[in-house]
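Visitor:
In the numbering used here, the protein residues as written are 837 to 957.
#1: At a cut of 8 Å, does the stretch 927-934 reach the stretch 888-899 through at least three beta carbon pairs?
#2: Since residue 948 contacts residue 920 with CB under 8 Å, what's their CB separation in whole angstroms?
#3: Throw me the rounded Cβ distance for the residue 954 and residue 911 pair, which I believe falls under 8 Å.
#4: Alpha carbon to alpha carbon, what distance is there between residue 879 and residue 940?
#5: Taking the alpha helix (DSSP H) that residue 905 belongs to, which residues open and close that run?
#6: Out of 884, 885, 916, 882, point me to the one whose CA is closest to residue 896's CA.
#7: For residue 898, count neighbouring C-beta atoms within 10 Å of its own C-beta (all shown protein chains included) and say buried if the count is 16 or more, exposed if not.
#8: For a minimum of 3 consecutive residues, which ranges assigned as the beta strand (DSSP E) are wholly contained in the stretch 871-933?
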């Protein structure tokens, strides 16, 4: 969030998607440097799937955050945090093989619908 505030102050009027891309590319570059130093690039299929799922959740949260920037702060903050929380819950449920009951799935669906309706207001 500090990066977005600095971006807004230092580069007003620019597309904030560039900042999000720069944040994730820098993380990828650091991870690639670590793998290059180890001289091994052995990634198994399960790691790749979990990385893809986490990246998808983070990417959706970033897109929701960019969409919510035009909303008042009272609406933007719950949308941003709700997307991160919902994605995290789904990824953790998959990683730890937690059983999602109908009640839990209904709660996630209602939360996601509320966030989507807030963005489309």
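The C-beta atom is built at its ideal place from N, Cα and C for all residues, glycine as well. The structure displayed is predicted, hence computed values, not measured ones.
Guide: Concretely, from the data shown:
#1: Verdict: yes, contact present.
#2: Residue 948 to residue 920, Cβ: 12 Å. No contact.
#3: 6 Å
#4: 32 Å
#5: Per DSSP, residue 905 belongs to no alpha helix (DSSP H) and is neither H nor E.
#6: From the listed residues 884, 885, 916, 882, the smallest Cα separation to residue 896 is found for 916.
#7: buried
#8: Counting only runs of 3 or more, we get nothing.
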